[in-house]
Amino acid sequence: MSIHYNQTGYDPRLPKKAVITGNGLNCMILNERDIGAFQQTGKKIDFDLSEPVFDEASGDTVRVLDFSALSKPGKYFIFADGEQAVIEIKEKPYHLLSNALLKGFYFQRCGCELPEKYAGPYRHGVCHVGKAVLVKNDGAIDSGTEIECAGGWHDAGDYGRYIAPAAAALGHLLYAYELFPEAFKDNINIPESGNGVPDILNECRYELEWMLKMQRADGGLYHKVTTRYFSGFIMPEDDKDDLYLFRVTHCSTAGFAASAAQAARVYKNFDAAFAAKLLEAAKKAWDWMEANPGFEAFTNPPEFRSGAYGDLSCEDELFWASAELYSVTGEERYLQALKKRLDSVDISEFGWRDTAGFGALCCLFVLKEKLEENLFSSIKERFLCAADSFLALTKKSGYSTALGADGYVWGSILPILNNAIAMICACQLTGDKNYRNAAQSQLDYLLGMNATGYSFVTGFGERAFRFPHHRPSFADGVDAPVPGLVSGGPNKRNPDMVTKALIPPDTPAAKFYIDYTPTASANEIAIYWNSPAVFVAAYFDGMYA
Ligand code: 9MR
Ligand code: ZN
Numbered sequence: 215m216s217i218h219y220n221q222t223g224y225d226p227r228l229p230k231k232a233v234i235t236g237n238g239l240n241c242m243i244l245n246e247r248d249i250g251a252f253q254q255t256g257k258k259i260d261f262d263l264s265e266p267v268f269d270e271a272s273g274d275t276v277r278v279l280d281f282s283a284l285s286k287p288g289k290y291f292i293f294a295d296g297e298q299a300v301i302e303i304k305e306k307p308y309h310l311l312s313n314a315l316l317k318g319f320y321f322q323r324c325g326c327e328l329p330e331k332y333a334g335p336y337r338h339g340v341c342h343v344g345k346a347v348l349v350k351n352d353g354a355i356d357s358g359t360e361i362e363c364a365g366g367w368h369d370a371g372d373y374g375r376y377i378a379p380a381a382a383a384l385g386h387l388l389y390a391y392e393l394f395p396e397a398f399k400d401n402i403n404i405p406e407s408g409n410g411v412p413d414i415l416n417e418c419r420y421e422l423e424w425m426l427k428m429q430r431a432d433g434g435l436y437h438k439v440t441t442r443y444f445s446g447f448i449m450p451e452d453d454k455d456d457l458y459l460f461r462v463t464h465c466s467t468a469g470f471a472a473s474a475a476q477a478a479r480v481y482k483n484f485d486a487a488f489a490a491k492l493l494e495a496a497k498k499a500w501d502w503m504e505a506n507p508g509f510e511a512f513t514n515p516p517e518f519r520s521g522a523y524g525d526l527s528c529e530d531e532l533f534w535a536s537a538e539l540y541s542v543t544g545e546e547r548y549l550q551a552l553k554k555r556l557d558s559v560d561i562s563e564f565g566w567r568d569t570a571g572f573g574a575l576c577c578l579f580v581l582k583e584k585l586e587e588n589l590f591s592s593i594k595e596r597f598l599c600a601a602d603s604f605l606a607l608t609k610k611s612g613y614s615t616a617l618g619a620d621g622y623v624w625g626s627i628l629p630i631l632n633n634a635i636a637m638i639c640a641c642q643l644t645g646d647k648n649y650r651n652a653a654q655s656q657l658d659y660l661l662g663m664n665a666t667g668y669s670f671v672t673g674f675g676e677r678a679f680r681f682p683h684h685r686p687s688f689a690d691g692v693d694a695p696v697p698g699l700v701s702g703g704p705n706k707r708n709p710d711m712v713t714k715a716l717i718p719p720d721t722p723a724a725k726f727y728i729d730y731t732p733t734a735s736a737n738e739i740a741i742y743w744n745s746p747a748v749f750v751a752a753y754f755d756g757m758y759a
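When we follow the working numbering, the leftmost residue of the sequence shown carries the number 215, and every step to the right adds one.
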């Protein structure tokens, strides 16, 4: 396999690239209809094949095939080194993708049945509706604290539900909606479809309602609700182990304050009562943070082994929350809090751990002129400076991937899509298409233009990955995995036991991947990997709407 390309398709108006790992011998692009004409006239389609460049992350020497000049929709064959690939140029190539990535969240719903009507063969029964009892730091059970907290999305390939990842996923989705509302007009066949509210907001509300249940009366948010250990590879309704609630944490409380405040702004036009409830909850969470300054990072109590999400600082969540709360209330205290933290946070990060980028989006696209000019322009300048560094990474990489060779961590798709988001926003701020084109290369990466040659979205692409570390996909008896889910991708930094046993240690970082269900460290799916993909796909889908 030497031709690495976007397996979902290319937009006629956008740049088009593929990466060739062979020598590029007899390289040619032909339209399937031109075969006869080619024999008679020898007429070929123009393209540009670069000189070989060494790509550090993959160890590959690659040539970039640029066929941007080609804009006529159709199927084309790329030939190189005696191999071939079929690519497609078509209108709105990311439309189905964007909808499927969003529908992926419906498939993660917990606490309800997914009937065939909406889930097709991926249906499942009611799951995880029992009450959850609090575990103390030392692992002892506090039987006096037991709550009903059904609902929300399963976090990933496991059935845990965690607040910090939920806040990040909502940040990506709600900003995607706020910035590109025209991309979210379709019904995606979920129970709420057709109720007059865009389905992206219907789906996000399912998570928000659960988060509200995770808030304690004093405003603090429980960190997560999970079983003691990760379950076996069984359907969610068969996971009957007891549910536990874990102590209130600062990062969860501040992350929730941010999400709930942003949601209050977004839902105001659809359901004023729900928006008011969200705002009140957000303020309460903020007040809890102010009343409880002593930070202590979360670690699992002994003998409890679900995901830790042990963030070491919540200054970034507080920065994000202050921006959202200021935008909704206009209260001076939030503006002061925003200014206080601005210099110490990384405003180009959109992850479960580092969230200040969402605060920057609030400043740059929502607050805008509500901020003093100096303040706005300094945020903009810093944000663009970060976007420039992502642009530089993209240029340096043979595959045009916005990630350094040392960046292939657990869930490497997150920094890659994160940087695409930053570049998309930089293009929105400046009109400079270089940012947009570099962001497009990250979407190309997701869809197959990467060193592994896999498309990292289930159901999308000729070589889409098929064996996600995802319990329902394994246990449902359906051959194909649940569609529209995003793999974490290559991870050389901390491989699990299985991956270590199967992949030779000197394998380059960008190839430290295997499409095999047991490999949690490289082939799991997660809500906060789907959500940045929704953002990026929706942007490219909505651009010409
Ligand atoms: O996404 C998380 C990644 O950044 C961490 O390195 C990794 C190991 O701690 O955990 C990832 O999150 C997992 C979580 O702990 C449990 N649910 C599945 C998540 C995705 O693999
Ligand atoms: Zn469940």
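The beta-carbon is built from N, C-alpha and C at its ideal position, and this holds for glycine as well.
Residue i CB to nearest heavy atom of the ligand ZN below 8 Å
i: His683; result: no
i: Pro226; result: no
i: Asp453; result: yes
i: Pro450; result: yes
Buried versus exposed call for residue i [16 or more other C-beta atoms within 10 Å across all chains shown]
i: Asn633; result: buried
i: Arg555; result: buried
i: Met242; result: exposed
i: Arg547; result: exposed
i: Gly339; result: exposed
i: Asp456; result: exposed
i: Ser626; result: buried
i: Ala526; result: A quick correction: the sequence has Leu, not Ala, at residue 526. So Leu526 counts as exposed.
i: Asp530; result: buried
i: Asn220; result: buried
i: Pro516; result: exposed
i: Glu330; result: exposed
i: Leu284; result: buried
i: Thr644; result: exposed
i: Asn401; result: exposed
i: Asn313; result: buried
i: Arg519; result: exposed
i: Tyr458; result: buried
i: Arg323; result: buried
Residue nearest to residue i in terms of C-alpha spacing, selected from the options
i: Phe293; options: Ala689, Ala383, Phe261 and Ala511; result: Phe261
i: Ser216; options: Asp646, Trp502, Ala397 and Asp274; result: Asp274
i: Cys649; options: Ser592, Gln221 and Cys599; result: Cys is not the amino acid found at residue 649; the sequence shown has Tyr there. Taking only the C-alpha atoms, the option nearest Tyr649 is Cys599.
i: Tyr523; options: Phe512, Tyr540, Lys706 and His386; result: Phe512
i: Asp485; options: Ala747, Asn409, Thr666 and Trp624; result: Asn409
i: Ala551; options: Phe533, Ala283 and Ala490; result: Phe533
i: Ser272; options: Ser541, Thr731 and Asn705; result: Asn705
i: Asp295; options: Arg277, Glu302, Ser541 and Leu716; result: Arg277
i: His464; options: Ile377, Leu284 and Gly238; result: Ile377
i: Asp560; options: Ala636, Leu607, Ala380 and Glu538; result: Ala636
i: Lys553; options: Phe679, Arg567 and Leu585; result: Leu585
i: Phe470; options: Phe444, Met503 and Asn483; result: Met503
i: Ala383; options: Val748, Asp755 and Gly756; result: Val748
i: Ala652; options: Ala535, Ser614 and Leu244; result: Ser614
i: Gln656; options: Cys363, Val750, Gly223 and Ala397; result: Val750
i: Asp568; options: Ser357, Pro695, Asn237 and Pro379; result: Pro379
i: Glu595; options: Phe268, Asn240 and Ser562; result: Ser562
i: Glu538; options: Cys641, Gln322, Lys438 and Ala381; result: Ala381
i: Tyr540; options: Leu493, Asp557 and Asn506; result: Leu493
Near the ligand 9MR: residue i beta-carbon under 8 Å from a heavy atom
i: Tyr622; result: no
i: Arg596; result: no
i: Tyr376; result: yes
i: Asp369; result: yes
i: Asn237; result: no
i: Asn744; result: no
i: Arg567; result: yes
| With contact counted as at least three CB pairs below 8 Å, one residue from each stretch, are the stretch 414-424 and the stretch 343-357 in contact? | Note that the stretch 414-424 does not touch the stretch 343-357; fewer than 3 beta-carbon pairs, one per stretch, sit closer than 8 Å.
Let me know the alpha helix (DSSP H) ranges lying completely inside the stretch 329-358, each 4 residues or longer, listed in chain order.
-> 330-333
Validate contact between the stretch 471-481 and the stretch 706-726 using beta carbons, cut 8 Å, 3 pairs: The answer is no - the stretch 706-726 does not touch the stretch 471-481, with fewer than three Cβ pairs under 8 Å.
TODO: Report yes or no: do the stretch 570-581 and the stretch 387-398 share at least 3 C-beta pairs separated by less than 8 Å?
DONE: The stretch 570-581 vs the stretch 387-398: in contact.
Problem - Minimum length 3: unbroken beta strand (DSSP E) runs contained in the stretch 426-504 - result: Taking only runs of at least 3 residues, the beta strand (DSSP E) segments lying wholly in the stretch 426-504 are 438-440 and 457-460.
Is it the case that the stretch 323-337 contacts the stretch 690-706, given that we only count it when at least three CB pairs across the two stretches are under 8 Å? At 8 Å Cβ cutoff, the stretches touch.
(message) Can you confirm whether the stretch 712-727 touches the stretch 653-667 when touching is taken to mean that 3 or more C-beta pairs between the two stretches lie within less than 8 Å?
(response) yes
Notebook entry, point to check: Using 8 Å as the Cβ pair cut-off and three pairs as the minimum, do the stretch 695-702 and the stretch 580-595 touch?
Noted result: no
So, do the stretch 608-627 and the stretch 733-745 have three or more beta carbon pairs nearer to each other than 8 Å? yes
Any chance the stretch 564-577 sits against the stretch 610-623, with 3 or more Cβ pairs inside 8 Å? no
Going along the chain, which unbroken runs of the alpha helix (DSSP H) with 4 or more residues stay wholly within the stretch 644-702? Complete alpha helix (DSSP H) runs here, min 4: 647-660 and 685-689.
Complete beta strand (DSSP E) runs within the stretch 279-317 (minimum length 3 residues, chain order): Uninterrupted beta strand (DSSP E) stretches at least 3 residues long and entirely within the stretch 279-317 occur at 288-294 and 297-303, given in chain order.
*Indicate whether the contact test is met: 3 or more Cβ pairs, each with one atom in the stretch 437-450 and one in the stretch 675-687, closer than 8 Å.*
Touching, per the Cβ criterion.
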